[in-house]
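By the count of the working numbering, the sequence shown reaches residue 415 at its end, each step adding exactly one. Glycine included, every Cβ here is placed at the ideal spot set by N, Cα and C. Since the structure is predicted, the reported quantities are computational estimates derived from the model, not experimental observations. Remarks on the structure that follows.
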Amino acid sequence: MCYNNVMKNRKIHKYTLLLCIPLALLMAACGIINPYAPVETVEIQPPTPAPATPTPVPTPTPTPEPTPEPTPEPTPEPTPEPTAYRSEDYPLAAKSLRTHEGGRYAEEAKLNDDPALFKAVVDLTNQAVFVYTADENGEYTTLVREMICSSGIEETNRSPRGTFTMGDDYKRFAFFVRFNCYAQYWSQIRGRIYFHSVPYSERDDRYLMEEEFWKLGEPASHGCIRLLPDDAQWVYLYLCPGTTVVITDELERDEELRARLLPKETPTPDCYMIQGEE
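Written out as structure tokens, the structure is:
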């Protein structure tokens, strides 16, 4: 009996312990156990303010730089082509013109009657004519005009070489009977050798024989010295009878000279003057 009581008490004690443990845990959770225990002070941190959103700074609109106007490149002036030298001291005169009725080109008044004023040199090497006047020492060194020419064809009709005194036969616009063509401004060198213009198929300066014109600068004649119409007129006006003419093949070839003298275009016809009208 005593044993049973002891066992019974042990069971009661066991169950009491089992019941007290969760009760103690519950009381601890609710803060009931030891209400006088010191309370841990918790420092409450103020809330960290959220970082302020920066006020957007407006991006300045760049002021457009004015586009500079391009400085125009100056247009270079074309380099003038070198041309034959012609002294302004001895100008041309107005040409006499063809008339409808008479069909004649009247002879023109000469502008020089002093045979010593000029000396002409015909350069067969370069197919050029140079006219000089005397310097203070009496030497013919002052150039007054240079001209392109065509001399006689060497194999068949070579121009004579030498020093000549010009004759007195001058014609304004004449006919070659042997060759059935015309030329302006004939000026006699000697015998049947003349200075004259390039040929024409009619006695009318509108009928220039262009094929013959473009032979200037090369031998092409039957012995005469062919010239541009204006140059032939100049010789007709200024180289009077008795003027000295030298025809030579002893000068050196000069391509720069030839390029300067060669014609660039055909001459403009002088057309008509109707008789009785200005």
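With DSSP collapsed to three states, give me the class of Ala-221.
DSSP places Ala-221 in coil when its eight states are reduced to three.
So what does His-333 bridge to, in DSSP terms?
Arg-363.
Could you tell me which residues DSSP puts in a beta bridge with Thr-381?
Lys-256, Thr-302
Thinking C-alpha only, which one of Leu-374, Asp-250, Glu-389, Arg-282 is nearest Lys-232?
Leu-374
Enclosing alpha helix (DSSP H) for Glu-393 [first to last residue]:
392–398
Terminal residues of the continuous beta strand (DSSP E) containing Thr-270?
265–271
Could you give the first and the last residue of the continuous alpha helix (DSSP H) run that contains Phe-350?
Looking at the DSSP string, the run of the alpha helix (DSSP H) that includes Phe-350 is 347–350.
Hey, would you say Gly-289 sits closer than 9 Å to Pro-356, going by beta carbons?
yes
Using CA atoms only, rank isn't needed, just tell me which of Ser-296, Thr-220, Lys-256, Glu-276 is closest to Glu-393.
Thr-220
Beta-carbon spacing of Asp-368, Val-266 below 9 Å:
yes
Tell whether a beta-carbon distance below 9 Å holds between Tyr-322 and Leu-364.
yes
Identity of the residues DSSP links to Ser-233 by a beta bridge:
Among the bridge pairs identified by DSSP, Ser-233 is matched with none.
Suppose contacts are defined by Cβ-Cβ distances below 9 Å. Is Glu-283 in contact with Arg-340 by that definition?
no
Helix, strand or coil at Ala-246 [DSSP, three-state]:
coil
Within-9 Å CB hit, Ile-290 to chain B
Absent from the structure: chain B. Only one protein chain is present.
Buried or exposed: Ala-165, going by 16 or more other Cβ atoms within 10 Å of its Cβ?
At Ala-165 the pLDDT is 49, less than 50, meaning the model places this residue with poor confidence; the figure from the coordinates comes in the next sentence. When all chains shown are included, Ala-165 counts as exposed.
For Ala-174 and Pro-193, what's the separation of their Cα atoms in angstroms?
Confidence is the limiting factor: at Ala-174 the pLDDT is only 49, short of 50, which leaves the residue's position unreliable, though a coordinate-based value still follows. Near 55 Å, if we compare the C-alpha coordinates of Pro-193 and Ala-174.
Name the residue from Pro-336, Ile-330, Leu-399 whose alpha carbon lies nearest to the alpha carbon of Val-383.
Ile-330
Residue of Thr-236, Asp-391, Gln-264 minimising C-alpha distance to Asp-342
Thr-236
Closest residue to Gly-275 among Pro-406, Gly-299, Asn-249, Lys-256 (Cα-Cα distance)
Lys-256
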